[in-house]
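Each residue of the sequence shown is one higher than the one before, starting from 8 at the first, in my numbering.
We put the beta carbon where it would ideally sit given N, CA and C, even for glycine.
The structure appears below as structure tokens.
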Amino acid sequence: MPQTLASSPRVRLAGLDLTRAAALWCILTFHFNQNIQTACPGAPAIGFVTYANGSLGHIGVSLFFVLSGASLMVRYRDDCPLRPYLLRRAAAIFPMYWIGWGALFVYSDLLHHNLDRSIPLWRILWSVLAMDGYLNALAPNFYKIGEWFMGCILLLYLLFPLLRRAMKARPGLTLAGLTIFHILWTLLYPGRLEIEHHVLSRVLEFALGMGLALWRPRMPRWAPWAGAVLAAIVLFVPLPGPRMLNLPVLGVGLGLALWAAGDRITAAPVRAGLKQLAALGYPLYLVHHVTLTILFVPRLAGRTLGLPGVWGVYLLYLLVAACAALALRTVAGGLVRLAGRLRRSAPQT
């Protein structure tokens with residue numbers, strides 16, 4: 008029986024797990040193709056690299072923003088106490104981020120002497136806050152891991168309690184206002200960051216995901232099909248205007264279709280596999296790019312690879328990245344549990 012949003016927030020929704028798996032595949036495969044085709048000119052691609060209005064990476068990122076809004080709204084639909092919410096988000100994000108960043112800092116900057124001493128030391132604070140990738144385009148810093156997406160999603164997490172209040176009170180009016188803002192923002196964009204990297208460019212996708220979580224139980228049966236049609240139009244029909252105008256349509260349409268498809272999965276092994284993959288999503292996101300650039304690209308540079316060779320490297324890359332992600336999650340989880348035990352055993356004053 009498909010799960011509904013009335014389920015406990017501790018029960019995983021297979022539809023969201025499938026959406027997360029699809030978004031993760033897009034990101035991992037896009038970066039693989041990008042790096043391998045740079046290192047090995049002429050190498051064939053895995054899957055596809057571009058669609059009518061963008062790249063495989065654009066699909067994955069848009070899905071992740073929609074998914075993030077939906078996942079938070081599913082969990083906090085009825086209540087969102089601010090302090091527990093912020094502590095839970097911080098505990099889910101920062102331990103793995105700090106461990107990954109610290110390992111790369113030691114490897115790259117200390118062991119291989121790549122430390123740029125012209126960067127003011129105080130900017131390490133941006134790395135502590137996981138904002139270094141987001142701000143790196145504005146001022147060089149000690150960015151190592153997480154890319155621009157990390158800082159962008161953190162800022163959206165901070166906005167979530169306000170967006171949740173607005174969506175609970177006036178969802179239609181809120182989304183209408185955000186849509187108008189998004190159009191004007193895109194057409195008149197004044198920023199120095201790439202528009203697709205700016206947090207205000209992604210609020211609409213995030214809020215649309217929240218709307219899916221609110222309205223999914225009451226949606227008519229044809230709604231996922233309509234979402235699939237909208238996504239197909241963006242995927243296959245070249246559209247006029249800036250890409251940021253059609254990315255929310257792609258993200259919410261594809262997200263709705265995948266959510267509905269995933270909730271129809273009844274095979275327990277498939278659901279269990281999606282659950283495990285979803286649990287590895289964040290650490291995989293953190294380690295996949297550095298796995299490519301440190302372990303694979305230097306060893307493959309200049310080689311000629313046909314399709315069998317590319318597939319072999321791709322499968323090995325996924326395996327190595329998954330092992331690295333599992334190790335990162337295990338170490339971070341162990342340290343968090345140790346810190347909790349030490350805090351509980353500390354004498355009370």
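Return the first residue and the last residue of the alpha helix (DSSP H) that residue i is part of.
i: serine 208; result: Run containing serine 208: none; DSSP gives neither H nor E here.
i: threonine 45; result: 21-46
i: proline 88; result: Per DSSP, proline 88 belongs to no alpha helix (DSSP H) and is neither H nor E.
i: alanine 233; result: 230-243
i: threonine 186; result: 178-194
i: histidine 119; result: Careful: histidine 119 lies outside any alpha helix (DSSP H) and carries neither H nor E.
i: alanine 274; result: Segment: none, alanine 274 is in no alpha helix (DSSP H) and carries neither H nor E.
i: alanine 329; result: 314-352
i: glycine 262; result: 250-270
i: tryptophan 133; result: 131-135
i: threonine 298; result: 288-298
i: valine 304; result: 304-307
i: leucine 145; result: Segment: none, leucine 145 is in no alpha helix (DSSP H) and carries neither H nor E.
Heavy atom of the ligand ATP less than 7 Å from the Cβ of residue i, yes or no?
i: alanine 286; result: Absence of the ligand ATP from the depicted structure is noted, as is the absence of any ligand whatsoever, leaving it without description.
Within its chain, find whatever has a CB closer than 6 Å to the CB of residue i; leave out the 5 residues flanking it on each side and keep chain order.
i: methionine 138; result: Gly158
i: glycine 258; result: Ser69, Leu70, Val73, Glu212
i: arginine 130; result: Asn148
i: valine 317; result: Ala50, Pro51
i: serine 14; result: At serine 14 the pLDDT is 40, less than 50, meaning the model places this residue with poor confidence and gives no usable figure here.
i: proline 290; result: Met103, Ala332, Leu335, Arg336
i: alanine 353; result: none
i: leucine 79; result: Phe167
i: glycine 54; result: Thr36
i: histidine 296; result: His38
According to DSSP, residue i sits in a beta bridge with which residue or residues?
i: tyrosine 58; result: Gly61
Report all residues from its chain with a CB closer than 8 Å to the CB of residue i; omit the five preceding and five following residues, and keep chain order.
i: leucine 287; result: Ala329, Ala332, Leu333, Arg336
i: glycine 347; result: none
i: leucine 145; result: Arg199, Leu200
i: isoleucine 190; result: Leu252
i: glycine 140; result: Tyr150, Ile152, Gly153, Glu154, Trp155, Phe156, Met157, Gly158
i: threonine 57; result: Leu63
For residue i, which residues of its own chain have a beta-carbon under 7 Å away from its beta-carbon, when the five flanking residues on both sides are left out?
i: leucine 207; result: Trp192
i: cysteine 87; result: Pro168, Arg171
Considering only their Cβ atoms, is the gap separating residue j from residue i smaller than 8 Å?
i: leucine 237; j: valine 256; result: yes
i: leucine 6; j: alanine 268; result: The structure shown does not extend to residue 6, since the chain is modelled only from 8 through 356, so no value can be given for it.
i: phenylalanine 149; j: serine 134; result: yes
i: glutamine 41; j: alanine 50; result: no
i: leucine 89; j: alanine 30; result: no
i: alanine 214; j: leucine 185; result: yes
i: isoleucine 160; j: leucine 111; result: no
i: isoleucine 34; j: glycine 67; result: yes
i: valine 338; j: isoleucine 106; result: yes
i: glycine 61; j: phenylalanine 37; result: no
i: valine 343; j: alanine 98; result: yes
i: proline 178; j: glycine 234; result: no
i: alanine 28; j: leucine 284; result: yes
i: asparagine 253; j: leucine 263; result: no
i: phenylalanine 303; j: valine 277; result: no
i: threonine 300; j: tyrosine 324; result: no
i: serine 75; j: glycine 216; result: yes
How close, in whole Å, do the beta carbons of residue i and residue j come, if the pair is a contact with beta carbons under 8 Å?
i: alanine 46; j: leucine 307; result: 5 Å
i: tryptophan 266; j: arginine 223; result: 7 Å
i: arginine 209; j: leucine 163; result: 7 Å
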